Amino acid sequence: MAGPLSRPRNASDDRINELPEVLLSDILSRLGTAEAARTVVLSTRFRDAWLATPLRLDDLELPVPARGNVSLIQPWTARADVVTRALASHPGPVALFRLSRTSFRGRVPAAEAWFRQLAAKCVREVSLCFSPEWCHDALADPLLGCPTLQVLALGRCHLSDAGASAAAAAALTELTLSETCISEAALQSVLSGCPALRSLVLKHVHGLQRIRVSSCRSLVLLGVWHYKQLDEITVEDAPCLERLLGNMRLNAAITITGAPKLTAFGYAVVSIPHLFHGERAPQMGFFAHTLQGVNKGLRAPIHSVKILAISVKFSSKKDMEKVMSLLDSFPCLETLHFQSSDYRSGADKDYTTVSDYNQKRYPIRCVARYLKSVILECEQHNPGMLEFACFLLARAHVLQFMRIQSEMCDVPKWVTEQQNLLSQSNMASLEAEVVFEGMKQRKDFTTEGVNALSDPFDGGINILGH
């Protein structure tokens, strides 16, 4: 075949120069930080394309200084200098800025300069997910004014009231604040300035006694984890909210209105094992709708919730009574998850029956009419949990499945003994299947992980201990 198409290529031909600019940029955008850096040395065309390609900066791919030349802490701090040079050398926009092993120690002014640069470079995703003691409360206000920002995860930073009031992250869909300082007023300003927000995760946030989420009409997932006293969790006008996850202690007043799609709630922490320094002891009475009239706990029943997760000390008579009241607050439940908070070393030490609730004759609506699936989890032998399993089996008329997870399931004799015990229950449902399984290794919590599950508590994700 004659013509220019049939001309054999020489080894010296530069085929990269024949590729269109848009293709070179697309190739670079799919590479990690280190791979892109190595690729640009192949051709001046690649170097030119790299300058216009959105930067993906992930410190997991940055070089590690030789241990023999620096002290133990300096390798983590030294990466800050590499980050500074990378941002300064790239004039284009930033697609991803992720730090998980770069310390801010001694570099807080530099970190705050990064945030200003990222906002100016139209960053799309920022994730700071490293050890909290490395951050030292760098001020992250500039990021809140970035109109291109879609994902923001801050660890141990600071957001001021003034910066939050100027929030204008119209494209932000995911916001995670971990160990971050923010006032109640600033949180309200942030939520008002981020109308597209679909996921909000607040993990051990400092400065909040009350969490109020109002008029977040795009919000689908709300996560609340706290270790200090929280007086109130209020959700209002959240028509798309489907999941409220975390470790919500019921000594806080919880009010949920205007959330008709809320189907998953938990973990509700009934048993509080100990108080942290500075915390107040919980008030008596956890449920506002009880005759005690104390304004703590759930303010009203939530009919939309179908999946509920509870953390409780099964060996505590008082706590099991609270569980009975809690179940009344979710009248349409179909799936129940229980995680034992009894001490690992002695769940049955000095155990006495807590079956007073077992003698109650009034029906629990969700258990009698709707409950289809129950998952009970404990590490060691727990007679209180097994007693509660018998209670549910005798009252759940449409129950289809019960799973008991324990490290003891690796002991065949123990499993046989528990099966014999449960078989003595007068099972209300002839279709109920009871299975025993060993404990599974839990995965770290991620928004993507729980969003991929129809039941967020049944995918091996560590929600309670996040």
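Just remember that my numbering sits 64 ahead of the position in the sequence shown, which is counted from 1.
Ideal Cβ placement from N, Cα and C applies to all residues, glycine included.
Everything numeric in this text was worked out from a predicted model, so none of it was measured.
When the options are compared against residue i, the one with the closest alpha-carbon
| i | options | result |
| --- | --- | --- |
| H502 | L251, V479, R102 | The displayed chain sequence assigns Gly, not His, to residue 502. Closest option to G502, Cα to Cα, is V479. |
| L372 | Q464, Y331, K382, G448 | Y331 |
| E243 | W289, D90, D123 | W289 |
| L119 | A142, S153, V86 | S153 |
| N526 | E512, A516, L308, Q505 | Q505 |
| V334 | M472, Q403, D474 | Q403 |
| R165 | D201, E125, R188, V158 | E125 |
| A226 | P206, A159, N515 | P206 |
| C210 | V499, E176, L236 | L236 |
| Y117 | G513, I91, R162 | It is worth fixing the name first, because residue 117 is Thr in this sequence and not Tyr. Considering only alpha carbons, the answer is I91. |
| P427 | N446, M388, R281, Q483 | M388 |
7 Å CB neighbourhood of residue i in its chain, flanking five on each side removed
| i | result |
| --- | --- |
| P324 | P303, S368 |
| A174 | A144, T148 |
| S229 | S253 |
| H268 | S242, E243, W289, H290, Y291 |
Chain-order list of residues whose beta-carbon lies under 6 Å from that of residue i (same chain, five-residue window excluded)
| i | result |
| --- | --- |
| V284 | R262, C304, E306 |
| I439 | H401, R467 |
| G529 | none |
| M449 | F378, S404, L440, C442 |
| A496 | L463 |
| G523 | L517 |
| L218 | L192, A204, L241, T244 |
Three-state class that DSSP yields for residue i in the structure shown
| i | result |
| --- | --- |
| I91 | helix |
| C245 | strand |
| L400 | strand |
| L285 | strand |
| R55 | Nothing can be reported for residue 55: it is not among the residues displayed for the chain, which extend from 65 to 530. |
| K507 | strand |
| A228 | helix |
| S278 | strand |
| F168 | coil |
| V254 | helix |
| N311 | strand |
| R363 | coil |
| S518 | coil |
| T117 | coil |
| Q469 | strand |
| A453 | helix |
| K477 | helix |
| C430 | helix |
Buried/exposed call for residue i, threshold 16 Cβ in 10 Å
| i | result |
| --- | --- |
| G170 | exposed |
| S518 | exposed |
| P520 | buried |
| R180 | exposed |
| S135 | Caution is warranted here: a pLDDT of 49 is assigned to S135, below 50, making its placement in the model unreliable, and the coordinate value is therefore given only provisionally. By the neighbour-count rule (16 or more Cβ atoms within 10 Å), S135 is not buried but exposed. |
| V86 | exposed |
| N311 | buried |
Any C-beta of chain B under 7 Å from that of residue i
| i | result |
| --- | --- |
| A302 | Within the model displayed, chain B is absent; a lone protein chain is all it includes. |
CB of residue i within 7 Å of CB of residue j, strictly
| i | j | result |
| --- | --- | --- |
| L208 | A250 | no |
| I275 | I297 | yes |
| L266 | I318 | no |
| S279 | D301 | yes |
| A204 | C186 | no |
| P395 | C430 | yes |
| L308 | L286 | yes |
| L435 | M491 | no |
| L454 | S489 | Note on residue identity: the sequence assigns Cys, not Leu, to residue 454. Yes, they are a contact pair. |
Any non-hydrogen atom of the ligand MG closer than 6 Å to residue i Cβ
| i | result |
| --- | --- |
| R276 | This structure simply doesn't include the ligand MG, nor any ligand for that matter. |
Same chain, Cβ closer than 8 Å to residue i, five either side skipped, listed in chain order
| i | result |
| --- | --- |
| V277 | L255, L264, L283, L286, T298, V299, E300, A302 |
| L121 | T97, V147, A150, L151, V158, L160, F161, R162 |
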